[in-house]
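See structure below.
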Amino acid sequence: MKCRDRAARKSSGRSHLAALASEAVDPPPPPPDPSLPKNDPVEVAGLGTYPRHLLANTMAFNVFCHLRNDLLAPDGPLPFKLPEPTDDQVASAIDFMLAGLPRMQGSALTATVRRPLVLDLTGPGATTITILPATAPDGQLTVTSGADSTATRIHSTALDFIAWATTRKPWRDRCHITGDTHAATPFLDHLNII
Numbered sequence: 002m003k004c005r006d007r008a009a010r011k012s013s014g015r016s017h018l019a020a021l022a023s024e025a026v027d028p029p030p031p032p033p034d035p036s037l038p039k040n041d042p043v044e045v046a047g048l049g050t051y052p053r054h055l056l057a058n059t060m061a062f063n064v065f066c067h068l069r070n071d072l073l074a075p076d077g078p079l080p081f082k083l084p085e086p087t088d089d090q091v092a093s094a095i096d097f098m099l100a101g102l103p104r105m106q107g108s109a110l111t112a113t114v115r116r117p118l119v120l121d122l123t124g125p126g127a128t129t130i131t132i133l134p135a136t137a138p139d140g141q142l143t144v145t146s147g148a149d150s151t152a153t154r155i156h157s158t159a160l161d162f163i164a165w166a167t168t169r170k171p172w173r174d175r176c177h178i179t180g181d182t183h184a185a186t187p188f189l190d191h192l193n194i195i
């Protein structure tokens, strides 16, 4: 009897997770209400202060990252298939990650960037940003749009970035560095967006 109950719970749990998975990707959420104060700062416990409009991106990141990297096969226990992610789904997660990059690890990560580094992400969620060193001893890294043409470049797909920048997968298997590898390696070794 206990085995049957456990099997029924497991089956019910899988059905529930399948429903959640489908809700997470279809239909997409409605656009934000433009009347809300989107740039008001909001403290996210343990993660830093963000503009209000990025709170939805926080949830998008959590659902996207955990569903695709922790729960579903091949890395997770659930054998469900999701459709390929859209640009908007990946970009929302990436936007939160890049906003959190200077805030989440403090001085340990800041100390690894002595010269600008370009992060060039391709595929769904593609973006190119430059990570600038802190300008004050107690300052943070700065993330700006676009590429500094003289900087070392870190190339990856945006999907892979979600996995390696959260240390779910090793960055060395998913990145290609052009320029000064020694400038990028300490940053990549220390990066752990949570």
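The sequence shown runs contiguously to residue 195 in my numbering. Ideal Cβ placement from N, Cα and C applies to all residues, glycine included.
Put simply, the stretch 112-128 does not touch the stretch 70-83. Fewer than three CB pairs are less than 8 Å apart. About 22 Å separates the Cβ atoms of P103 and L160, ruling out a contact at the 8 Å cut-off. The Cβ atoms of T153 and A127 do not sit closer than 7 Å to each other.
In this structure, the alpha-carbon of I155 lies about 6 Å from that of V119. Secondary structure note for P103: its alpha helix (DSSP H) is the uninterrupted segment 88-105. In the three-state DSSP reduction, R154 falls in the strand class (E or B).
Y51 sits away from V64, with the two beta carbons spaced by 7 Å or more. For L110, the three-state secondary structure derived from DSSP is helix. The alpha-carbon of K82 is positioned some 45 Å away from that of T136.
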